[in-house]
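Enquirer: Numbering (the working numbering), first residue to last: 62 to 390.
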Ligand SMILES: Nc1ncnc2c1ncn2[C@@H]1O[C@H](COP(=O)(O)OP(=O)(O)O)[C@@H](O)[C@H]1O
Ligand SMILES: [Mg+2]
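1. Do residue 38 and residue 235 have their C-beta atoms closer together than 8 Å?
2. In the DSSP assignment, what are the bridge partners of residue 372?
3. Would the beta-carbon of residue 74 fall within 8 Å of that of residue 296?
4. Around ligand 1, which residues pass a check of Cβ closer than 5 Å to any of its heavy atoms?
5. Straight-line CA distance for residue 392 to residue 216?
6. Going by alpha carbons, who is nearest to residue 98 out of 359, 255 and 238?
7. Whole angstroms are fine: how far does the CA of residue 113 sit from the CA of residue 135?
8. Whole angstroms are fine: how far does the CA of residue 321 sit from the CA of residue 335?
9. Can you determine whether any heavy atom of ligand 2 sits closer than 7 Å to the C-beta of residue 279, and answer yes or no?
10. Beta-carbon separation of residue 287 and residue 103 under 8 Å?
11. Residue range of the beta strand (DSSP E) that residue 97 falls in?
12. Measuring only between beta-carbons, confirm whether residue 166 sits less than 8 Å from chain D.
13. What does DSSP give as the partner residues of residue 140 in its beta bridges?
14. Report the start-end ranges of each beta strand (DSSP E) in the stretch 213-262 that is 3 residues or longer and not cut off at the edges.
15. To the nearest angstrom, report how far apart residue 330 and residue 92 are at their CA atoms.
16. Secondary structure at residue 199, three-state DSSP: helix, strand or coil?
17. Smallest Cα separation from residue 256: which of 223, 241, 231 and 229?
18. Let me know the secondary structure DSSP gives residue 330 once reduced to three states.
19. Note down the Cα distance separating residue 142 from residue 194, rounded to an integer number of angstroms.
20. Got a sec: does ligand 2 put a non-hydrogen atom nearer than 7 Å to the Cβ of residue 245?
21. If contacts are defined as beta-carbon pairs under 8 Å, then residue 289 and residue 304 qualify, I think. What distance do you get, rounded to the angstrom?
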């Protein structure tokens, strides 16, 4: 699954903690995943599962401290970003990978025009580019995301939420990254414009043949916008497969639970059944399967030993001793 020329991102056994007072939060626990060039991977899981931490680790923008990168490798286009110097990291950010955050307001500087914010990124990565060229390119980027070039000299507060997120996308794409990390890019937006923004991201991703990691807690979004899916629970990948395989033959009880809490598309004959209980306390993770205390199939063995991520069908990985149990969702 990794190591060939087509793999753009390869995370290997990444473990990340945060120190929080006297406690250690085990945020990301031995995560390995790959994204091929041009491919779109959905990273799905509840709040607190470790999704944003993974994306920030790829960008090398974790707040250290409190974050501690305990171990692992993050290969981006053949370079292990963990080992790069700060100067090299700055170059990678924007050119190899760029990130869109959940809330466009925190990503934008209220004191700078949107045009200047795009220009700033271009200038950092192209120190020799003339002012005029930077301005032309910034206007072109605005138009690429559906904002009229004339709005170049306006400030963020003059834009609606959806338009602000378009500006954020323009900034992210200004230096032609090969991987886009989109961290719940529409959660903070009005539902009526969520699809517009996701469609725009998808269209640009296809056009530019970018790889993408789309972070979401919404399986509906995964169904529409991703090629492959990694389901993450308590900092661990619990299931990993291509989208069709996962939607047809999901095997992990947590994944099944996520599907069970989706509204039925065929009407209301199937009631919503949210997963009972809560995720474990990340400062005191249990032994064995982290989902066992919420799982109706769990046996003592599930709680007594570490459960490996096993390939249960070609390209379909699952971290569950009961993966052979059919149905139940
Ligand atoms: N700066 C931080 N300091 C301490 N703990 C943090 C910090 N950022 C995230 N965490 C903790 O790390 C875990 C994973 O968080 P996060 O990566 O934000 O998850 P997600 O994006 O899936 O909601 C959570 O338990 C969260 O509380
Ligand atoms: Mg998050």
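Cβ atoms here follow ideal geometry from the backbone N, Cα and C, with glycine treated the same way.
Only a predicted model underlies this, so the values are computations on that prediction, with no experimental measurement involved.
Expert: On the basis of the supplied data:
1. Residue 38 falls outside the range modelled here, since the chain spans only 62 to 390, and no answer is possible.
2. Secondary-structure assignment with DSSP links residue 372 through a beta bridge to 378.
3. No, they are not a contact pair.
4. By the rule of a C-beta closer than 5 Å to any heavy atom of ligand 1, the residues picked out are 79, 81, 86, 88, 108, 109, 110, 111, 112, 113, 114, 127 and 343.
5. Nothing about residue 392 can be reported from this structure: the residues present for the chain run from 62 to 390 only.
6. Checking every option, the nearest Cα to that of residue 98 belongs to 238.
7. Using only the alpha carbons, I get a separation of about 15 Å.
8. Cα to Cα, residue 335 sits roughly 7 Å from residue 321.
9. No, Cβ of residue 279 sits at least 7 Å from all heavy atoms of ligand 2.
10. If you check the CB distance, residue 287 and residue 103 come in under 8 Å.
11. Note, residue 97: beta strand (DSSP E), 84-97.
12. Among the protein chains of the structure shown there is no chain D, as only one such chain exists.
13. DSSP lists 137 as partners of residue 140.
14. Segments of the beta strand (DSSP E) lying fully in the stretch 213-262: 240-244.
15. Low confidence applies to residue 330: its pLDDT is 47, below 50, so where it sits in the model is not reliable enough to give any reading.
16. Looking at residue 199 - three-state DSSP - the assignment turns out to be helix.
17. If we check each option's Cα against that of residue 256, 223 comes out closest.
18. Interpretation of residue 330 is limited by its pLDDT of 47, a score under 50 that renders its predicted location unreliable; the figure taken from the coordinates is listed afterwards. It is coil, neither helix nor strand.
19. Going from the Cα of residue 142 to the Cα of residue 194 covers about 30 Å.
20. Residue 245 has its Cβ nearer than 7 Å to a heavy atom of ligand 2.
21. Right, the Cβ-Cβ distance comes to about 6 Å (below 8 Å), so this counts as a contact.
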